[in-house]
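A.B. asks: Structure incoming, see below.
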Amino acid sequence: MLRRNFTRLAASALALPAIGRSALAADPLKVGFIYLGPVGDFGWTYQHDIARQAAVAKFGDKIKTTFVENVAEGPDSEKVLNDLANQGHKLIFATSFGYMNYVLASAKKHPNVFYEHATGYKRAANISTYNIRFYQARYVQGVIAGKLSKAGLAGYVGSVPVPEVVQGLNAFMLGMQSVNPKARMKFVLINSWYDPPKEGDAAKALIDQGCDIITQHTDSPAPLQAAASRGVKAFGQSTDMAKFAADTQLSASTDIWGPYYINRIQEVLDKTWKSTDIWGGFAEGMLAMSPFHNMPDDVAALGNQTIADVKSGKNKVFVGPLTDQSGAVKVAAGTTMDDGALNGMQWLVKGIEGKLS
Amino acid sequence: MNEILVPFLISVMAAATPLLLAATGELVAERVGVLNLGVEGMMLAGAIAAFATANVTGVTVLGVLAGLGAGIALALLFAVISLTLQANQTATGLALTIFGRGFSALVGAGYVGIPAPQLPKIHLPVLSDLPFLGPVLFQHDVLVYLALAILAAVAWCIRSTHMGLILRAVGDSHDAAHALGYAVVPIRYGAVLFGGAMAGLAGAYMSLSYTPMWAQDMTAGRGWVAVALVTFSAWRPFWLLIGAWFFGALMYMSLYVQALGVAVPSALLSALPYIGTVVVLVLISRDARRIRLHRPAMLGLRFQGRA
Chain A
22 MLRRNFTRLA
32 ASALALPAIG
42 RSALAADPLK
52 VGFIYLGPVG
62 DFGWTYQHDI
72 ARQAAVAKFG
82 DKIKTTFVEN
92 VAEGPDSEKV
102 LNDLANQGHK
112 LIFATSFGYM
122 NYVLASAKKH
132 PNVFYEHATG
142 YKRAANISTY
152 NIRFYQARYV
162 QGVIAGKLSK
172 AGLAGYVGSV
182 PVPEVVQGLN
192 AFMLGMQSVN
202 PKARMKFVLI
212 NSWYDPPKEG
222 DAAKALIDQG
232 CDIITQHTDS
242 PAPLQAAASR
252 GVKAFGQSTD
262 MAKFAADTQL
272 SASTDIWGPY
282 YINRIQEVLD
292 KTWKSTDIWG
302 GFAEGMLAMS
312 PFHNMPDDVA
322 ALGNQTIADV
332 KSGKNKVFVG
342 PLTDQSGAVK
352 VAAGTTMDDG
362 ALNGMQWLVK
372 GIEGKLS
Chain B
175 MNEILVPFLI
185 SVMAAATPLL
195 LAATGELVAE
205 RVGVLNLGVE
215 GMMLAGAIAA
225 FATANVTGVT
235 VLGVLAGLGA
245 GIALALLFAV
255 ISLTLQANQT
265 ATGLALTIFG
275 RGFSALVGAG
285 YVGIPAPQLP
295 KIHLPVLSDL
305 PFLGPVLFQH
315 DVLVYLALAI
325 LAAVAWCIRS
335 THMGLILRAV
345 GDSHDAAHAL
355 GYAVVPIRYG
365 AVLFGGAMAG
375 LAGAYMSLSY
385 TPMWAQDMTA
395 GRGWVAVALV
405 TFSAWRPFWL
415 LIGAWFFGAL
425 MYMSLYVQAL
435 GVAVPSALLS
445 ALPYIGTVVV
455 LVLISRDARR
465 IRLHRPAMLG
475 LRFQGRA
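Laid out in C-alpha cells, this is it:
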C-alpha cells in the first residue's frame with residue numbers, strides 16, 4: 022500500500038517535468054530588447070521600439086517582448102543581458118555598439134539564447150550582428166546640403182569617433198562635394214549619443230562659426246532646434262523630427278528595423294535561426310529619407326535621384342579617387358571601398374576641417 | 175571679427191543664464207547661513223514642471239510659473255527638514271538632489287520626445303538693431319534679462335537695504351540676530367524658498383528655452399556648478415556674474431574649440447568645465463583669509479535657539 026503510493030508519487034513527480042516542458046512549448050517566445058536611451062528619445066531608441074511594436078503586432082500572442090531602456094554601455098549591460106536570459110528570453114536584441122563585449126560575455130554563459138547585436142562586428146554561434154548603411158543617407162543629405170549651403174560650409178554634430186560615425190562624416194562631405202567641389206565641413210564630437218543640451222550647444226558652436234546647414238549623428242532633436250533658433254536649415258536623425266522644427270528640417274535619415282526583427286523572430290520560431298551579419302541600406306528597405314521639405318523642387322528632385330542611384334547600386338558612395346585631409350590618395354580612381362575597409366575607416370576626406378580624436 | 179564674436183557672445187550669454195539664476199538663489203540662502211546642496215535637484219524639478227505645464231497648457235508663462243513653484247516646493251521640503259527639524263544641511267541637500275533627479279525622471283517619463291512651446295525672443299525696436307551690442311545684449315528671451323535684473327536687485331538689497339543687513343546678520347551670527355529680536359528661522363525659510371524659486375527658474379529656462387525639450391538629467395551638473403560659483407564669488411553678487419559668464423564660456427568653449435578644428439581629444443574638451451571648476455576652487459582655497467573674510471560665519475550650522 023505504502024509502496025504503491027510511493028511509486029505513484031514518484032511517477033507523478035517524474036511526469037511533472039514533462040508537463041512543464043509541454044506547457045513551456047506552448048508558451049510564447051520571450052524576446053528581450055535593451056536600449057541605450059529612453060524609448061521616447063525620438064531618435065535611435067525610439068526607432069528600435071517602433072520596430073519592437075511592429076513585431077508584437079505581427080506575432081500577437083506567439084511572442085512576449087520585454088524591453089529595458091536607459092542601459093548604459095558598460096558592465097551593467099551584461100547584468101541586464103544575463104537577467105533577460107535567466108528570465109527565459111530566447112532571443113535578445115542589444116541595440117547599441119558599446120554593448121559588444123558584454124553581449125559576447127553573456128552569450129558565452131547562455132549558449133541556448135540567441136543574441137542580436139546592432140552595429141557591432143563580433144559574432145559567435147549564437148550572436149548575429151546587424152546594421153544599417155547610414156552613410157548612404159548621409160551622402161544624400163550631403164548632396165542636398167551642397168545645393169543649399171550658401172557658405173559652402175556645413176556643420177556635423179557627431180558622437181564618438183567610431184568607424185560608423187567616420188563613414189557618415191565622409192559620406193556627407195563627398196555628397197556635398199559632388200555638387201559643390203569647394204564645399205567644406207566642420208564637425209564637433211560631443212562624446213555621447215544622447216545629451217540634448219550638449220547636442221544643441223555643439224550645433225550652436227558650428228553655426229556661430231559660419232556653418233549654414235547642420236546635420237547630426239546624435240539622437241535628440243536638440244541640434245535641429247538650435248538650427249531653428251538661429252535660422253539655418255538642418256537634417257533630422259533616425260526618425261522624422263519635423264514636429265520639433267517644421268520650418269527647419271530638410272529631411273531626416275530614418276532607420277527601419279521592423280522587417281529585420283520580424284524576420285529574425287520568425288526564424289527562432291521556425292528553429293532556423295543562424296548567426297549572420299546583415300548590413301542593409303536603401304535597397305534592403307532598412308533606410309529611408311523622410312519627406313523633403315524647405316527646399317526648392319529641383320533640389321528635392323536631385324535628392325530623390327540620388328536615393329535611386331544609391332539604391333540601384335549605380336552610386337556606391339565611397340568610390341575613388343578619394344583623398345584624405347593631408348591630400349594623400351586613400352582610394353585609387355575607379356576603386357570602390359569594400360565593407361571591410363569601411364568598417365575600419367579612421368581617416369577623413371579632404372574638405373573636412375578638424376581632427377578625429 | 176564681429177560676425178565671429180557676436181554669435182559667440184550670444185551663445186555664452188545663454189549658457190551662463192541657468193548658472194546665474196540658480197547661483198543667485200543659492201547665494202541668498204548661503205548669506206543667511208544655509209547651505210543647500212539640493213540645487214541640481216530643484217533645477218530638475220523646475221525643468222520638468224515647466225516643460226509639462228507648458229506642454230499641457232500651451233502657455234509658456236504658466237510653464238515658467240510652474241517651474242518656479244516646483245523649485246519652491248522642494249526648497250520647502252529642505253527647509254522643514256533642515257531648519258525646523260534641524261537635520262544636517264549637507265546630508266539633507268544631497269538627499270534633495272537625489273530626490274529631485276529621481277522624481278523628475280519619474281514624472282518626465284511621459285514627456286520625453288515631445289515638443290513644447292518655446293519662450294519668445296524679445297525684440298526691442300531700437301536697442302535690438304544696434305550694431306554689435308544689439309544682437310549680443312538685446313535679442314534674448316525674457317529669462318536672460320530677468321536673471322540679470324534679479325541679480326542686480328539682490329546685490330542692491332544685500333548691500334544697501336535694512337533687509338540686507340538683517341540677512342547678513344542672520345548669516346554671520348544667528349545668536350546675535352536672535353538676541354536682537356529677529357526671527358532667525360522664518361528669515362532662513364524665506365531665503366531658502368527664494369533659492370528654490372531661482373533654481374526652479376533656472377530649470378524652466380533649460381527646458382523651455384536653452385534646450386526646449388525634456389530629457390532625464392538635462393541640467394547635467396549645472397546645479398553643482400552653481401553651488402561652486404557661490405564659493406568662487408566669495409558670496410559677492412558682482413563676482414557671481416563674472417563667474418557665471420566664465421563658466422558659461424568654458425562649457426561652451428569645449429564644443430566651440432572643437433569646431434575650430436583644434437586637435438585636442440574630444441573627451442578632454444568635454445571635461446574642461448569640470449577641470450576648470452576644480453582648478454578655480456583650488457586657487458581660491460589657497461587664500462584661506464579671503465574665504466574666511468567673506469564666508470557667512472553660520473554657513474551650514476544649526477540654529478539651536480528658540481524660533
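Just so you know, the protein sequences line up as chains A and B, in that order. Using our numbering, the letters of the first sequence map in sequence onto residues 22 to 378. Using our numbering, the letters of the second sequence map in sequence onto residues 175 to 481. Note that the Cβ used here is the ideal one computed from N, Cα and C, for glycine as well.
Can you check the region 216 to 254 of chain B for any alpha helix (DSSP H) of at least 4 residues that lies completely inside it and give the ranges in chain order?
C.D. replies: 234 to 253
A.B. asks: With a threshold of 8 Å between beta carbons, is A:Phe-114 in contact with chain B?
C.D. replies: no
A.B. asks: Against chain B, which members of the region 197 to 209 of chain A pass a CB distance test of less than 9 Å?
C.D. replies: Contacts with chain B (Cβ-Cβ distance below 9 Å) from the region 197 to 209 of chain A involve Lys-207, Phe-208 and Val-209, listed in chain order.
A.B. asks: So, is A:Gln-198 buried or exposed, given that buried needs 16 or more other C-beta atoms within 10 angstroms?
C.D. replies: buried
A.B. asks: Tell me which residues of the region 384 to 402 of chain B have at least one Cβ-Cβ distance to chain A shorter than 7 Å, keeping chain order.
C.D. replies: Within the region 384 to 402 of chain B, the residues whose Cβ lies closer than 7 Å to some Cβ of chain A are Tyr-384, Thr-385, Pro-386, Met-387, Ala-389, Gln-390, Met-392 and Ala-394, listed in chain order.
A.B. asks: Decide if A:Asp-97 is buried, meaning its Cβ has at least 16 other Cβ atoms within 10 Å, or exposed.
C.D. replies: When all chains shown are included, A:Asp-97 counts as exposed.
A.B. asks: DSSP has A:Met-206 in a bridge; who is on the other side?
C.D. replies: A:Ala-175 and A:Ile-373
A.B. asks: For the beta strand (DSSP E) holding A:Asp-298, just list the boundary residues, first then last.
C.D. replies: 298 to 301
A.B. asks: Does the beta carbon of A:Asn-212 sit closer than 8 Å to a beta carbon anywhere in chain B?
C.D. replies: At a cut-off of 8 Å, the C-beta of A:Asn-212 has a neighbouring C-beta in chain B.
A.B. asks: A:Ala-76 to A:Val-52, Cα distance in whole Å?
C.D. replies: 10 Å
A.B. asks: Any beta carbon of chain A sitting closer than 8 Å to that of B:Leu-429?
C.D. replies: yes
A.B. asks: Which residues in the same chain have their Cβ closer than 7 Å to the Cβ of A:Tyr-142, if we skip the five residues on either side of it in sequence?
C.D. replies: Spatial neighbours of A:Tyr-142 in its own chain (CB-CB distance under 7 Å, excluding positions within 5 residues in sequence) are listed in chain order as Thr-150 and Asn-364.
A.B. asks: Check whether chain B comes within 8 Å of A:Val-256, counting only Cβ atoms and requiring the distance to be less than that.
C.D. replies: The question names Val, but residue 256 of chain A is Phe in the sequence shown. Not one chain B Cβ lies under 8 Å of A:Phe-256.
A.B. asks: Which residue wins for smallest C-alpha separation from B:Thr-198, given the options B:Asp-461, B:Leu-403 and B:Tyr-356?
C.D. replies: B:Leu-403
A.B. asks: Could you give the residue range of the alpha helix (DSSP H) that holds A:Glu-185?
C.D. replies: 184 to 200
A.B. asks: Which runs of the alpha helix (DSSP H), 4 residues or longer, sit entirely within the region 304 to 353 of chain A?
C.D. replies: 318 to 333
A.B. asks: Use the C-beta contact count for B:Phe-412: other C-beta atoms within 10 angstroms, 16 or more gives buried, fewer gives exposed.
C.D. replies: exposed
A.B. asks: If we count Cβ pairs, one from each stretch, closer than 8 Å, do we get three or more for the region 214 to 230 of chain A versus the region 415 to 434 of chain B?
C.D. replies: Taking a cut-off of 8 Å for Cβ pairs, the region 214 to 230 of chain A and the region 415 to 434 of chain B touch, as three or more such pairs fall below it.
A.B. asks: Taking DSSP as the reference, what is the three-state secondary structure of A:Gln-270?
C.D. replies: Looking at A:Gln-270 - three-state DSSP - the assignment turns out to be strand.
A.B. asks: Could you pull out every residue in the same chain whose Cβ sits closer than 7 Å to the Cβ of B:Pro-291, ignoring the five residues on either side in sequence?
C.D. replies: Result list for B:Pro-291: Ala-228, Gly-232 and Thr-234, in chain order.
A.B. asks: If you draw a straight line from the alpha carbon of A:Ser-250 to that of B:Gly-243, how long is it in whole angstroms?
C.D. replies: Cα to Cα, A:Ser-250 sits roughly 27 Å from B:Gly-243.
A.B. asks: So B:Phe-306 is in the alpha helix (DSSP H); what residue range does that whole segment cover?
C.D. replies: Per DSSP, B:Phe-306 belongs to no alpha helix (DSSP H) and is neither H nor E.
A.B. asks: Use the C-beta contact count for B:Glu-200: other C-beta atoms within 10 angstroms, 16 or more gives buried, fewer gives exposed.
C.D. replies: buried
A.B. asks: What residues are listed by DSSP as bridge partners for B:Asn-262?
C.D. replies: Note: B:Asn-262 sits in no beta bridge, so no partner.
A.B. asks: Nearest-angstrom Cα distance between B:Gln-263 and B:Glu-214?
C.D. replies: 15 Å
A.B. asks: Below 8 Å on the Cβ atoms is my contact criterion, and I expect B:Met-187 with A:Pro-217 to pass it. Report the Cβ-Cβ distance as a whole number of Å.
C.D. replies: Contact flag wrong, Cβ pair sits at about 19 Å.
A.B. asks: Determine the burial state of A:Ile-234: buried for a count of at least 16 other Cβ atoms within 10 Å of its Cβ, exposed for fewer.
C.D. replies: Counting C-beta atoms within 10 angstroms of its own C-beta, A:Ile-234 has 16 or more neighbours from the protein chains shown and is therefore classed as buried.
A.B. asks: Under 8 Å between C-beta atoms, does A:Phe-63 make it to chain B?
C.D. replies: yes
A.B. asks: Since B:Pro-155 meets chain A, which of its residues come closer than 7 Å, beta carbon to beta carbon?
C.D. replies: With chain B represented from 175 up to 481, any question about residue 155 of chain B goes unanswered, as that position is not in the structure.
A.B. asks: Taking only three categories from DSSP, how would you classify A:Lys-100?
C.D. replies: helix
A.B. asks: For A:Tyr-120, which residues in chain B fall below 9 Å Cβ to Cβ?
C.D. replies: Simply none; closest approach about 20 Å.
A.B. asks: Rounded to whole angstroms, what's the CA-CA distance from A:Ala-139 to B:Leu-434? Just pull it up for me.
C.D. replies: 33 Å
A.B. asks: Chain D beta carbons: is any one of them nearer than 8 Å to that of B:Pro-181?
C.D. replies: Of the protein chains in the structure, A and B, none is chain D.
A.B. asks: Starting from B:Phe-421, trace the alpha helix (DSSP H) both ways and give me its first and last residue.
C.D. replies: 411 to 433
A.B. asks: Given 8 Å as the limit, is there contact between the region 328 to 343 of chain A and the region 301 to 317 of chain A, that is, 3 or more CB pairs closer than that?
C.D. replies: yes
A.B. asks: Run down chain B in chain order and give the residues with a C-beta less than 7 Å from the C-beta of A:Glu-374.
C.D. replies: Gly-435
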